[in-house]
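These notes concern the structure reproduced below.
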Amino acid sequence: MPYIIVRGNLASYDNRYPWRVLVSGLKAGDIEQLSRFASGGYCDDSTIVYLQHPCVILSALEVLGYQVVASSSTSVKQDYNEYMWTMRKDFSEPEPVPTPITAKPSALSSSDCDAFGLDPEEIVALTKRFPNSKAVVTNGVSIKGPPLTVINTLSQLGYKVVSSTGEIEITWTLQRETSACECPMPQPPHRRQPLHRSTLLQEFDA
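Under this note's numbering, the first residue of the sequence shown is numbered 234, with each subsequent residue one higher.
Shown next, in the form of structure tokens:
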């Protein structure tokens, strides 16, 4: 999974465990690299808890190759002390050309979310991956899958997170790489052309 979600409090709650950071989406190798940090175990199948200040965990994740691409306040318990960071591990690929965006509002613990702005071919590809998804929202589709899983699935179609906002309900904005066939803008000679969308869809269905 190229994307992970980090959530934690900046100010301490108590003296025994002043900080609690939840990290969702880490691979086994990354968890092993972070084993030197005190952990409170798992709170679900994809989320591990670290008893460290968020800055410590964010810095460690940066060493592992992750970068913050979006952040927002979650306003848990209405104290405005808890924040969320969306991180992505970079690839050796050229920068994406700006393209139409898609956004999905949902709580992190939700089992579904909504996506807007997708092409019909992309909606078909997603409904194959998430069979119970339906186009029941205006200009969008309701996807039966956790937000983090959907974000990582969309990354296989060439999308990247560029921002996020929200508290209890969170919205991520993504952009997709565009090939020269889809966006006939002059490209710098040193940049390699990204894969055409049809190629990505074929690889996605494979």
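Cβ coordinates follow ideal geometry from the N, Cα and C atoms, glycine included.
query, result
"In chain order, what are the residue ranges of uninterrupted beta strand (DSSP E) at least 3 long that sit wholly in the stretch 374-403?", "392-399"
"Among the candidates Tyr-275, Gln-266 and Gly-391, whose CA atom is the shortest distance from the CA of Tyr-299?", "Gln-266"
"Give a yes or no on contact between the stretch 275-289 and the stretch 362-378, applying the rule of three or more CB pairs nearer than 8 angstroms.", "no"
"Spatial neighbours of Pro-338 within its chain, please: C-beta separation below 8 angstroms, excluding the five flanking residues on both sides.", "In this prediction, Pro-338 scores a pLDDT of 48, lower than 50, which makes its location untrustworthy; the coordinate-derived value is nonetheless stated afterwards. Counting only Cβ-Cβ distances below 8 angstroms, and skipping sequence neighbours, we find Cys-346, Asp-347, Gly-399, Glu-402, Ile-403 and Thr-404."
"Look up Leu-294 in the DSSP assignment and say whether it is helix, strand or coil.", "helix"
"May I ask you to verify whether the stretch 348-357 touches the stretch 271-278, counting CB pairs closer than 8 angstroms and requiring at least 3?", "no"
"Under the three-state reduction of DSSP, which class applies to Arg-240: helix, strand or coil?", "strand"
"On the DSSP bridge list, what partners appear for Cys-276?", "Partner(s): none; Cys-276 has no beta bridge."
"Mind reading off the beta-carbon distance from Val-239 to Met-317? Whole number of angstroms is fine, and I expect it under 8 angstroms.", "7 angstroms"
"Using CA atoms only, rank isn't needed, just tell me which of Leu-294, Ser-366 and Leu-243 is closest to Cys-383.", "It is worth fixing the name first, because residue 383 is Val in this sequence and not Cys. For Val-383, the nearest C-alpha among the options comes from Ser-366."
"How far does the beta strand (DSSP E) with Thr-360 in it reach, from first residue to last?", "First-last for Thr-360: 353-362, but that is the alpha helix (DSSP H), not the beta strand (DSSP E)."
"Distance cutoff 7 angstroms, beta carbons only. Does Asp-345 sit that close to anything in chain C?", "The chain labelled as chain C is not found in the depicted structure, where only one protein chain is given."
"Taking Ser-268 as the reference, give the member of Asp-278, Leu-284 and Gly-350 with the closest Cα.", "Leu-284"
"Based on the DSSP secondary-structure assignment, which residues constitute the bridge partners of Ser-304?", "Trp-318"
"According to DSSP, is Asp-347 helix, strand or coil?", "strand"
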